[in-house]
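A.B. asks: Residue numbers (this note's numbering): 1 to 280. Before I ask anything, here is the structure I am working with.
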């Protein structure tokens, strides 16, 4: 069957995990405090350039020992440079950072019914897709005069059912969304035949998306000896914005009302991207 034509590609990768039963730092043996999911939006005509872009970054930072770039294995100096080089490319990034402390042990039967066993993961992906599809629709109407079609490629991780994710999207489309809710998936830019998932080493675009997800995870994982906001700040030129604002567009904090639950160090990167907090 012929693959439908498309105008954009959204590469999706993640850092952290979606476990809620036990969560660090509340539980010493818990899952990660944060789940970070990033999408890197690339024009279709540039999809074939992703390998050249990745090789340029690898060569520049001397990370050529293998054909796959692993952000977590790089030194801080190389991470900073990788983010700088990515920020020079004609792409846009979207990142959702979900702090799970307030979700510890939580189970949402209604959400589980809609999103299956991985309802929490599907919910965070939904938030990412709301921002990315809205940006894609607005950009394509302005530049193309029509809704674009967006290919979506997930970096496959064990334990996720991407069929459940698509089924959740279909349920959302069938239910519809209140007219005044601006944050909704714009289904006119999606085609389920253009949604796929592969191991990240099979596509350079997924390894570029990993730089985004890992850089923002590094900026909020303050318990780590590798904590630094430098790399996420270096990505500023490509973080998507709307009317000059990146907060809740190219960078989304969930839950959006969280305030006193975050440390000053955790708030630092969100403040840089326009979030305002009212407690110290």
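Ideal placement from N, C-alpha and C gives every residue a C-beta, glycine not left out.
If we ignore side chains and look at the alpha-carbon of each, how far apart do residue 33 and residue 39 end up?
C.D. replies: Distance between the alpha carbons of residue 33 and residue 39: 20 Å.
A.B. asks: So what does residue 34 bridge to, in DSSP terms?
C.D. replies: Bridge partners of residue 34: 99.
A.B. asks: With 16 as the cutoff for other CB atoms within 10 Å, does residue 65 come out buried or exposed?
C.D. replies: So residue 65 ends up on the exposed side.
A.B. asks: Report the rounded CA-to-CA distance for residue 42 versus residue 118, giving the unit in angstroms.
C.D. replies: Going from the Cα of residue 42 to the Cα of residue 118 covers about 27 Å.
A.B. asks: Could you check how far apart the C-beta atoms of residue 294 and residue 152 are, in whole angstroms? I think they sit under 8 Å.
C.D. replies: Nothing can be reported for residue 294, as the shown portion of the chain is limited to 1 through 280.
A.B. asks: Using the Cβ count rule (16 or more neighbours within 10 Å means buried), how would you classify residue 14?
C.D. replies: Per the 10 Å Cβ criterion, buried.
A.B. asks: Classify residue 210: buried if its beta carbon has 16 or more other beta carbons within 10 angstroms, exposed otherwise.
C.D. replies: Residue 210 should be labelled buried.
A.B. asks: By Cβ distance below 7 Å, which residues in the same chain neighbour residue 58 in space, the five residues on each side in sequence not counted?
C.D. replies: Only 64, 69 meet the Cβ criterion.
A.B. asks: Inspect the beta-carbon positions of residue 234 and residue 84 and report whether they are closer than 8 Å.
C.D. replies: Yes; because the gap between Cβ atoms is below 8 Å, this pair is in contact.
A.B. asks: Count the CB pairs spanning the stretch 72-86 and the stretch 227-247 that are closer than 8 Å, and state whether there are at least three.
C.D. replies: Touching, yes, given that three or more Cβ pairs across the two stretches are closer than 8 Å.
A.B. asks: Starting from residue 330, follow its DSSP beta bridges and name the residues at the other end.
C.D. replies: Lying outside 1 to 280, the shown extent of the chain, residue 330 is not represented and no answer is given.
A.B. asks: Express the C-alpha separation of residue 92 and residue 132 in angstroms, rounding to a whole number.
C.D. replies: Approximately 9 Å, taken between the alpha carbons.
A.B. asks: Does the stretch 237-246 come within contact of the stretch 86-101, defined as at least 3 CB pairs closer than 8 Å?
C.D. replies: The answer is yes - the stretch 86-101 touches the stretch 237-246, with three or more Cβ pairs under 8 Å.
A.B. asks: Give the C-beta separation of residue 5 and residue 100 to the nearest angstrom, bearing in mind that I take them to be a contact with Cβ-Cβ under 8 Å.
C.D. replies: About 39 Å; that fails the 8 Å criterion.
A.B. asks: Can you name, in chain order, every residue of its own chain whose Cβ lies under 6 Å from the Cβ of residue 98, other than the five neighbours on each side?
C.D. replies: Result list for residue 98: 35, 124, 254, in chain order.
A.B. asks: Going by DSSP in three states, residue 252 sits in which element: helix, strand or coil?
C.D. replies: Note: residue 252 maps to strand in three-state DSSP.
A.B. asks: I need the straight-line Cα distance from residue 242 to residue 219, nearest angstrom please.
C.D. replies: Rounded to the nearest angstrom, the two C-alpha atoms are 23 Å apart.
A.B. asks: What residues in its chain sit with their C-beta under 6 Å from that of residue 47, if we drop five residues either side in the sequence?
C.D. replies: Here the set comprises 9.
A.B. asks: Would you mind reading off the limits of the alpha helix (DSSP H) that contains residue 196?
C.D. replies: Unbroken run through residue 196 is the beta strand (DSSP E), 195-198; no alpha helix (DSSP H).
A.B. asks: Do residue 201 and residue 16 have their C-beta atoms within less than 8 Å of each other?
C.D. replies: Cβ atoms of residue 201 and residue 16: not closer than 8 Å.
A.B. asks: Given this structure, state the Cα-to-Cα distance separating residue 271 from residue 3, to the nearest angstrom.
C.D. replies: Those two C-alpha atoms are separated by around 42 Å.
A.B. asks: Around the Cβ of residue 266, are there at least 16 other Cβ atoms within 10 angstroms (buried) or fewer (exposed)?
C.D. replies: The residue in question, residue 266, is buried, as its Cβ has 16 or more Cβ neighbours within 10 Å.
A.B. asks: Which word fits residue 27, buried or exposed, when buried means at least 16 other C-beta atoms lie within 10 angstroms of its C-beta?
C.D. replies: Residue confidence for residue 27 is low, a pLDDT of 46 falling below 50, so the modelled location carries little weight; the figure read from the coordinates is stated next. When all chains shown are included, residue 27 counts as exposed.
A.B. asks: Would you kindly check if the distance between the Cβ of residue 37 and the Cβ of residue 213 is under 8 Å?
C.D. replies: Their beta carbons are under 8 Å apart, which means residue 213 touches residue 37 by this criterion.
A.B. asks: Classify residue 135 as helix, strand or coil using the three-state DSSP reduction.
C.D. replies: In this structure, residue 135 counts as helix in the three-state DSSP scheme.
A.B. asks: With a 10 Å radius around its C-beta and 16 neighbouring C-beta atoms as the bar for buried, classify residue 193 as buried or exposed.
C.D. replies: Its Cβ having fewer than 16 others within 10 Å, residue 193 is exposed.
A.B. asks: Residue 63 by DSSP, collapsed to three states: which one?
C.D. replies: DSSP places residue 63 in coil when its eight states are reduced to three.
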